[in-house]
Every structure is written in C-alpha cells, then in structure tokens.
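Asker:
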Amino acid sequence: MPERVVSLFGWARDRSDDQEQRMRRSLHTPIDGDAHALCVRAMEAPLQEQLFLAEQVRWLDDASVVPIVCAWMRAHGAKLPGAVRYAWLLAMRMIGGRGLCTWDGGAVRIEDVPRCMEEHTEAVQDVARRVCGVMETRDAVLASFVVPTWSVFVQHAYGTRAMEDVREDTVAVWAAAVHVVVMRMLYAQCGVAAVCALYGAIDVEQVELAIDAMRAL
C-alpha cells in the first residue's frame, strides 16, 4: 500500500470507545497530573508530537485549560498544520470547552467542533456519500479510501474559508474532486472531465481548484 495512503488512514482513523480506552491506558505521560502543566508542555512540543499530546489533553476533564489553549491558538493557530489545529479544537470540545476560538484566517465555536463525520454538515457528509455511491459500483477498493481521504481534508480545512465552500450547491464539485484525488493517489492518472460528467459537475475549473485545495494538505 502506498505510504501516502497509509498516512491518510493514520490521520483519519475513527477510534471506537474500546480503542480509546486502550489508548488512554497506554499513554506514556500520566493524565492525572497538573492539567495546566501538561497543556503548556503540549503547546511547546514539536509539531510531530502535538497530535499525541493534544489527545492526552482530551482526557484531562479540566475545562480550565481552554482559555490557555484559545490564547495560544490566537497567536499560533494560523501557522499550525490543519490536522494539529483540529486536534486542539477537538481536545477543547472533549473536555467541555465552550465559546469562540479564533486565529488569523479562521474561527469556530468550540461546542460545535464535530467529533465524527456524522456531526459535520449535511453537505460535508453528502460529498462522501456521493463518491462512495459512484465508486462502489466500479471499484470497491477505491470506495474504501473515500471517507479517510475526505476526512483528512475536512480536518485540515475545518474553521477556514475552504470549508465555507463545501455547500449543498457545491457537493458535486467536491465529490468529483475527491474522486480524482483518490484515483490519482492509487493509480496516478485520472481524467478530470470524465469524472465531472459522472457527478454532473460541469464547471471543470471549479473542480480543478477543489483538487488543488485537497492536494495542498
């Protein structure tokens, strides 16, 4: 399996409750320590460690750290990779945070941060459903990559202007873009115009822009 595909599955994996409990038991740093100290340590860690540490913050059950994270996000959120930023937003949601979290180029209400694909807007969910519906009749293997691939983009783009472009009237555009990205990820080549016809997305230029947005992750 291509390394890029493995990476996508790693970012987008949905954990069951049992899996989360096992993860909690296996954490290297005790989660019963000082919440503020762990939060500061996490924010100062290298980016490659922040996803793991943000997940630890989820288990603190201490919403008093939310203002600290929000202040840090205002200063640094725009520079963070989308997946890291989303991990922090989700951590705040999971520990009961509320209110507006802003950064240069984005803003979200913490209590509205989706915990899974089913909590995103209907338009976001419809993109995955459309592509799966088309691909399942053509290539079941390809279909299995649709939700992980789309989830990666949604996490990276959440709270930014890019997500505002995922609307009911643009579902066909994004569905075509996801189809092309998955095809190229596995088979290297895919004609955009032919895919646009499958989804009724007649604006090829819009689809190309959506593809570029997904590839820019």
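Taken in order, the sequence shown gives residues 122 to 338; the numbers are from this note's numbering.
Yeah, the Cβ is synthetic: ideal placement off N, Cα and C, and Gly gets one too.
Buried or exposed for A337, going by 16 or more other Cβ atoms inside 10 Å?
Answerer: Exposed, by the Cβ-count rule.
Asker: Quick one: Cα of S272 to Cα of V190, how far?
Answerer: Cα to Cα, S272 sits roughly 24 Å from V190.
Asker: Helix or strand or just coil, what does DSSP make of A228?
Answerer: In the structure shown, A228 sits in a strand (DSSP, three-state: E or B).
Asker: Report all residues from its chain with a CB closer than 6 Å to the CB of Y279; omit the five preceding and five following residues, and keep chain order.
Answerer: If we look at Y279 and ignore the five residues flanking it on each side, its Cβ neighbours are Y207.
Asker: Using DSSP with H/G/I as helix, E/B as strand and the rest coil, what is C311?
Answerer: It is coil, neither helix nor strand.
Asker: Between P167 and the rest of its own chain, which residues show a CB-CB distance below 7 Å, the 5 nearest in sequence each way excluded?
Answerer: Around P167: no qualifying Cβ.
Asker: Does the stretch 263-271 come close enough to the stretch 324-332 to have 3 or more Cβ pairs within less than 8 Å?
Answerer: Contact between the stretch 263-271 and the stretch 324-332 is absent, because fewer than three Cβ pairs lie under 8 Å.
Asker: Buried or exposed for V89, please, with buried defined as at least 16 other CB atoms from any protein chain shown within 10 angstroms of its CB.
Answerer: It is not possible to answer for residue 89, since the shown part of the chain is limited to 122 through 338.
Asker: Assuming C160 is part of the alpha helix (DSSP H), what are its boundary residues?
Answerer: C160 -> alpha helix (DSSP H) spans A156 to E165.
Asker: Check whether the Cβ atoms of I216 and D183 lie closer than 8 Å to each other.
Answerer: Yes, these two residues count as a Cβ contact at 8 Å.
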